[in-house]
Amino acid sequence: MGQGRKTLSVGLDVHKESIAVAYAPEDRGAEVVARGAIGTRQTDSDTLIRRLESKRAPLVFGYEAGPCGDWLSRDLTGKGLACQVVAPSLIPRKVGDRVKTERRDAITRARLMRSGDLSAISLPGIEDETLRDLSRGRDDTMQDLTRSTRRLTSFLLRHDVRSESRANGNPAPLPCLSEVVCPTPPNQIVFQESARAVSDQQERLQPLERELHEAAQGSRLSPVVEAIQALRGVELTGAGIVLAALGDLPRFDTPRQLMSCLGLTPSEYSSGERRRQGGITPPWNNLHRSSTSNASPFSV
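In terms of our numbering, the sequence shown is residues 9 to 308.
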């Protein structure tokens with residue numbers, strides 16, 4: 009292969025308002041070049057691509073997964089360019105290196121990409137991400153409903169108004185709420201607003217659950233969703249949440265990797281003759297653990 013066709017590794021440090029850029033030629037002895045920072049608009053990335061393509065080398069982009077999402081990776085791959093998204097926990101770091109800047113991070117990623125020391129992660133497709141957003145939106149609404157219900161029941165308890173409500177996000181109908189009379193008008197306003205908050209969250213929850221069911225049944229993962237529902241205690245909502253969090257199951261080579269992702273692997277810290285085993289490890293996503301925990305009482 010000629011010198012002009014050697015790969016150019018482009019490291020990016022992506023933020024909300026700017027993207028730091030550095031690139032490294034394929035020759036190990038070549039210096040990594042800091043390109044500076046660009047904006048996050050479409051025109052900014054197009055300008056960067058045109059300038060890098062002028063070097064007449066295949067481009068390979070790489071950046072760290074973060075809160076900015078996968079739009080940049082989709083944009084680059086849509087233009088026929090290679091792009092790797094790497095997990096922050098899998099990026100090698102020097103012990104004692106406590107200097108962190110956008111420029112240094114971009115240079116480090118370009119250098120590690122050139123040496124092949126970065127491991128790309130699997131990104132969800134648009135359909136999978138839609139299912140994930142629905143499951144997270146439902147979970148947020150459930151948490152808001154739980155908090156609103158607890159506030160209302162606590163208020164009623166302080167004023168000795170009894171109810172059959174359960175403070176778990178699924179309240180039973182509160183009896184005779186329209187007949188509740190508080191000691192003072194301000195207390196009455198607080199009660200009415202608390203009851204309205206519970207009603208609003210219940211109304212928000214219904215369309216989210218409906219859309220989640222339709223998305224789970226109409227997605228490419230629908231056969232897996234149906235298979236998971238064969239487990240006792242798992243219904244359509246729980247199956248959709250678990251699949252939205254896990255994504256493509258074939259990306260797990262062994263059951264050990266799947267259990268580690270779910271946080272079901274026991275922790276252990278043993279040395280010499282001393283053996284110490286702890287509880288299960290924290291999951292990378294608490295949503296699927298809460299879903300399976302809610303289903304577990306019905307599986308026995």
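We put the beta carbon where it would ideally sit given N, CA and C, even for glycine. Since the structure is predicted, the reported quantities are computational estimates derived from the model, not experimental observations.
Apart from the five residues just before and just after residue i, which ones in its own chain have a Cβ nearer than 8 Å to its Cβ?
i      : result
ARG36  : ARG122 and SER123
GLN237 : GLU243, LEU244 and ALA247
SER230 : ALA224
ILE288 : GLY271, LEU272, THR273, PRO274 and SER275
LEU213 : ARG146, THR149, MET150 and LEU153
Looking at C-alpha atoms only, which residue of the options is the closest neighbour of residue i?
i      : options                           : result
GLU34  : VAL40, THR15 and GLU110           : THR15
SER17  : VAL40, GLU25, GLY286 and ALA28    : VAL40
LEU126 : ALA38, SER97 and ASP152           : SER97
ASP54  : HIS23, ALA42 and GLY88            : GLY88
THR138 : THR116, ILE99, LEU216 and ARG259  : LEU216
LEU120 : TYR31, PRO193 and THR51           : TYR31
ARG144 : ALA253, GLY280, ARG259 and LEU266 : ALA253
ASP168 : THR149, ASP147, CYS190 and ASP141 : CYS190
GLN209 : GLN50, ARG228, CYS269 and ASP147  : ASP147
ILE115 : LYS63, ARG43 and SER278           : ARG43
SER162 : ASP152, SER202, ILE134 and THR192 : SER202
ILE46  : GLY104, ALA90, ARG111 and ASP78   : ARG111
CYS91  : PRO263, LYS108, LEU131 and GLU281 : LEU131
TRP79  : ARG49, ALA235 and GLU61           : ARG49
ARG117 : VAL107, LEU257, VAL93 and ARG264  : VAL93
Report the three-state DSSP secondary structure of residue i (helix, strand or coil).
i      : result
LEU56  : helix
SER143 : helix
PRO38  : The question names Pro, but residue 38 is Ala in the sequence shown. Note: ALA38 maps to coil in three-state DSSP.
ALA205 : helix
GLU135 : helix
GLY44  : strand
PRO191 : coil
LEU126 : coil
LEU16  : strand
VAL169 : coil
ASP21  : strand
GLY104 : coil
ILE197 : helix
Over the uninterrupted alpha helix (DSSP H) stretch that includes residue i, give me the two end residues.
i      : result
ASP78  : Unbroken run through ASP78: none, as it is neither H nor E.
GLU281 : That residue, GLU281, is in no alpha helix (DSSP H); it is neither H nor E in DSSP.
ALA114 : 110–123
Identify, in the order they occur along the chain, each residue of the same chain with its Cβ nearer than 6 Å to the Cβ of residue i, setting aside the five sequence neighbours on each side.
i      : result
PRO66  : THR15
PRO75  : none
ASP113 : ASP21
VAL336 : Given that the chain is displayed from residue 9 to residue 308, the structure contains no residue 336 and the question cannot be resolved.
TYR71  : LEU20 and VAL22
PHE260 : LEU266
Ordered along the chain, which non-local residues of its own chain (more than five positions away) have a Cβ less than 7 Å from that of residue i?
i     : result
ALA95 : ALA73 and ILE129
LYS63 : LEU16
Grab the span of the beta strand (DSSP E) containing residue i for me, first residue to last.
i     : result
GLU72 : 67–72
VAL93 : 90–94
PRO33 : 27–33
Length at least 3, wholly inside the segment 220–279: the beta strand (DSSP E) runs in chain order: With a minimum length of 3 residues, the continuous beta strand (DSSP E) runs that stay inside the segment 220–279 are 274–276.
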